[in-house]
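The structure under discussion appears below in the form of structure tokens.
Chains as they are written, first to last, in this note's numbering: chain A, 10 to 277; chain B, 12 to 572.
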């Protein structure tokens, strides 16, 4: 008999989870042995991966502050993972206590944990959904309740889209999401690439394929295409640490070693 | 202090991500540094400030091991005065302890948090799965309309009982129920009303059987079943069926309609051992079929011998077509004698089946089967043709007529008159030599077409008589409405012949008189004695048939005794 359609799926908590692996990379303790083992295998090939994870986190922090300055008060963080240092709602609500944040993740444990962190916060919510169902995300009761979709939204997909393979048509998915956003909305993306460090990253990609989390690294054009319909704000699509650094000292000697592009675009 | 703050802030930046601006970071470090510097100078010396500084770093998310390592290096170099070596060492030691302990607590707390989240997620997932499975299995085992269990549940239960350790001692009663003419309600009032009726029926059955602990299932459509376990007698089982018919007999109020329905039930009662569930259900279904065939609104208990008979009949029925091809159906002829003269005037053709296995079978064995299957139509005309072939060979002036039975189904067959006339034409037999016997029930249900057939036959000169008169509906109106020539009185009416005071005698007298007055030829069947023949003649009966005048014989041996 076929599995009935109301049966929940995505229940697979005995395997490493991207969300918890990322948490471990960031130095967090919200992870299990399976997650740490999976991360160690990456680290063997790319020892400074932890630094890049922090760089991604720092980019998210800078992007959110930039969007807050631009007047954005609704944030949709897709692939939010395990709540960790510098969560969007903490950053946003420090600036404006009425700022709205909806986190989206596919991992049930990350979502359950996020829910406990957000308990009592009436302007932030977390939903368990899949980027591959963009309409389900936008029509989710939590989004409908917290957001005014006639107003601009800050859509955040940090270190997320390189987990979506071409077969799932990530560009089409992003298009379906952004089509429904009001003019003046922003899209912030950081995305892994093999540009500049081909050999090492290809080893990682190969390893990740064996690791249930195949990475779909894209070149600059591939990442830029996500911003179709958006106008990139200064400084455009750049290496992660070059996107509006707080301090010139924060720029490493070889920014391309981060293996990630970052950019923020505004919907015209 | 400024040097200390600048170096310390730079040392801890970049080893782990903390969402603080450079300014915020310096302010945070300044707070820690000031208290450490104060501690260096305060009397009496208290290293608590070091402990607090270590804890504060972790609390501010500076949790990387490098933060502690670099902090120690910075403090070694910049914490003044350099002379107070002991104090500095004690403070650094306290910072390391505070940091480590806080980090350890933080790590354990985080582990606990994520474990709780994991457990909650698992529980949620399992609950969701259980709910979906429960829903799924409920859907698989229940009828969505009435919410009764379905046939699968019945079969499963029978299987369980059949494998139970005490199955030898366990008798069950299975009652299959079917609403009579449910389709008519569906067709006339619409399926929604039909559906609500089914729900109401289900409720009554549930009410009846539920309190007794019986299993009620909806099998499909308007078919239900009740399983009673561990009953002690056949009466227990048939009682259930009777109760079902009773509770369903009360009218149903559905959508403003008052619906009165009846139901039929088939019951099987036996030990569960040695029977497959399917065989049990089939037996109950056979009994249900009997209840329907016996006129509906009743229950029937499955009986093996009736079933065997049915099976044999069914087998026989299936053999008819081949038997027709092989010419196994033949005719024998029983004399019809004019009572006044004792002259042979005709003979009734009686069908026989020369069955290769069972020997010669009388019409009772197969005419009804042929009628049920419709084979009576070709068989009837085949036998009629045989009879005519025989009759033209008979001598006499006039030669004896042949009387052939025509069944109801044949009579309703369009084109029968033409077909019969064609046979006569082909054989060259005058229509007046043919008499057709039709039953009362066939004429009671006459429609225009049948009427046309009878009129066409009569006008050609063929004679038509009503067979078995006086035992059926005995509607006299048709006697003068229809083109008929005579009536044949059923043999059982002769029961009281010779006892002038008996009621039967009066009836016989009246019927003969009635026929006589209407100008109909009256024939009496089943005449077995000379006394009967004499009395009938006295009453005005024209023709007699029966053992007294002669047994059925092959056509070439037909003579009057």
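No residue lacks a Cβ here, since even glycine has one placed at the ideal position from N, Cα and C.
Report yes if the CB atom of residue i is closer than 9 angstroms to the CB atom of residue j, and no otherwise.
i                      : j                      : result
residue 247 of chain B : residue 280 of chain B : yes
residue 449 of chain B : residue 486 of chain B : no
residue 547 of chain B : residue 347 of chain B : no
residue 297 of chain B : residue 183 of chain B : no
residue 564 of chain B : residue 345 of chain B : yes
residue 119 of chain A : residue 84 of chain A  : no
residue 263 of chain B : residue 195 of chain B : no
residue 328 of chain B : residue 381 of chain B : yes
residue 431 of chain B : residue 477 of chain B : no
residue 566 of chain B : residue 538 of chain B : no
residue 359 of chain B : residue 556 of chain B : yes
residue 475 of chain B : residue 442 of chain B : no
residue 301 of chain B : residue 267 of chain B : no
residue 86 of chain A  : residue 111 of chain A : yes
residue 227 of chain A : residue 171 of chain A : yes
residue 435 of chain B : residue 422 of chain B : no
Using a Cβ-Cβ cut-off of 7 angstroms (strictly less than) and excluding sequence neighbours within five positions of residue i, which residues of its own chain qualify?
i                      : result
residue 32 of chain A  : 39, 40, 90, 91, 93
residue 598 of chain B : Residue 598 of chain B lies beyond the range of chain B shown here (12 to 572); nothing can be said about it.
residue 170 of chain B : 288
residue 44 of chain A  : 25, 26, 29, 30, 33
residue 510 of chain B : 516
Name, please, each residue of chain D whose Cβ falls closer than 8 angstroms to the Cβ of residue i.
i                     : result
residue 33 of chain B : Structure shown: chain D not included; protein chains present are A and B.
Identify whether residue i lies in helix, strand or coil by the three-state DSSP scheme.
i                      : result
residue 12 of chain A  : The predicted model places residue 12 of chain A with a pLDDT of 37, which falls under 50 and marks its position as unreliable; any figure quoted below should be read in that light. Coil.
residue 227 of chain A : coil
residue 159 of chain B : coil
residue 38 of chain B  : helix
residue 140 of chain B : helix
residue 153 of chain B : strand
residue 28 of chain B  : coil
residue 251 of chain B : helix
residue 62 of chain B  : helix
residue 269 of chain A : strand
residue 318 of chain B : helix
residue 414 of chain B : strand
residue 120 of chain B : helix
residue 109 of chain A : strand
residue 19 of chain A  : At residue 19 of chain A the pLDDT is 47, less than 50, meaning the model places this residue with poor confidence; the figure from the coordinates comes in the next sentence. Here residue 19 of chain A sits in coil by DSSP.
residue 4 of chain B   : This structure cannot settle anything about residue 4 of chain B, because the visible part of chain B is limited to 12 through 572.
residue 245 of chain A : coil
residue 310 of chain B : strand
residue 104 of chain A : helix
Within its chain, find whatever has a CB closer than 8 angstroms to the CB of residue i; leave out the 5 residues flanking it on each side and keep chain order.
i                      : result
residue 339 of chain B : 364, 365, 366, 367
residue 385 of chain B : 420
residue 551 of chain B : 523, 524, 527, 533
residue 17 of chain B  : 37
residue 562 of chain B : 345
Which same chain residues, not among the five before or five after residue i, have their C-beta less than 6 angstroms away from its C-beta?
i                      : result
residue 98 of chain B  : 51, 56
residue 193 of chain B : 233
residue 83 of chain B  : 103
When you measure from the CB of residue i to every non-hydrogen atom of the ligand NAD, does any distance come out below 8 angstroms?
i                      : result
residue 141 of chain A : Of the ligands one can find in the structure shown there are none, so the ligand NAD has no counterpart to examine.
Determine, using beta-carbon pairs with one atom in the stretch 234–243 of chain A and one in the stretch 188–208 of chain A, whether at least three such pairs fall under 8 angstroms. Cβ pair count under 8 angstroms is three or more, so yes.
Are at least three pairs of beta-carbons, each pair with one atom in the stretch 120–133 of chain A and one in the stretch 63–73 of chain B, less than 8 angstroms apart? In short, these stretches do not touch, since the Cβ pair count stays below three.
Any contact between the stretch 178–198 of chain A and the stretch 67–84 of chain A? By contact I mean 3 or more CB pairs, one from each, below 8 angstroms. In this structure the stretch 178–198 of chain A touches the stretch 67–84 of chain A; the number of beta carbon pairs closer than 8 angstroms is three or more.
Ordered list of beta strand (DSSP E) runs contained in the stretch 499–551 of chain B, each at least 3 residues: Counting only runs of 3 or more residues that sit fully inside the stretch 499–551 of chain B, the beta strand (DSSP E) segments are 532–535, in chain order.
Across the stretch 257–276 of chain A and the stretch 51–71 of chain A, are there enough close Cβ pairs to call them in contact, namely three or more that are closer than 8 angstroms? In short, these stretches touch, since the Cβ pair count reaches three.
What alpha helix (DSSP H) runs, 4 residues minimum, are completely inside the stretch 175–245 of chain B? Complete alpha helix (DSSP H) runs here, min 4: 193–200, 202–221.
Runs of beta strand (DSSP E) wholly within the stretch 327–358 of chain B (minimum 3 residues, chain order): Taking only runs of at least 3 residues, the beta strand (DSSP E) segments lying wholly in the stretch 327–358 of chain B are 340–349.
At 4 residues or longer, what runs of the alpha helix (DSSP H) sit wholly inside the stretch 85–111 of chain B? The qualifying runs do not exist here; there are none.
Pick out the complete beta strand (DSSP E) segments inside the stretch 25–93 of chain A, 3 residues or longer, and give them in chain order. Segments of the beta strand (DSSP E) lying fully in the stretch 25–93 of chain A: 83–87.
Does the stretch 24–39 of chain B come into contact with the stretch 110–128 of chain B, if we say contact requires no fewer than three beta-carbon pairs (one atom in each stretch) closer than 8 angstroms? With fewer than three CB-CB distances shorter than 8 angstroms, the stretch 24–39 of chain B does not count as touching the stretch 110–128 of chain B.
Between the stretch 136–147 of chain A and the stretch 179–193 of chain A, are three or more C-beta pairs nearer than 8 angstroms? Between the stretch 136–147 of chain A and the stretch 179–193 of chain A there are three or more inter-stretch CB-CB distances shorter than 8 angstroms, so the stretches are counted as touching.
Minimum length 4: unbroken alpha helix (DSSP H) runs contained in the stretch 448–498 of chain B: For the stretch 448–498 of chain B, whole alpha helix (DSSP H) runs of length 4 or above, ordered along the chain, are 451–455, 459–471, 488–492.
Would you call the stretch 488–501 of chain B and the stretch 457–472 of chain B touching, i.e. three or more CB-CB distances under 8 angstroms? Touching, per the Cβ criterion.
Quick one: complete alpha helix (DSSP H) runs, 4+ long, within the stretch 153–217 of chain A? Whole alpha helix (DSSP H) segments, 4+ residues: 179–188.
If you scan the stretch 265–308 of chain B from start to end, which runs of the beta strand (DSSP E) of 3 or more residues do you find wholly inside it? Qualifying beta strand (DSSP E) stretches, in chain order: 268–270, 274–282.
The stretch 157–168 of chain B in contact with the stretch 214–230 of chain B per 3-pair CB rule at 8 angstroms: Look at the beta carbons and you see the stretch 157–168 of chain B touching the stretch 214–230 of chain B: at least three pairs across the two are nearer than 8 angstroms.
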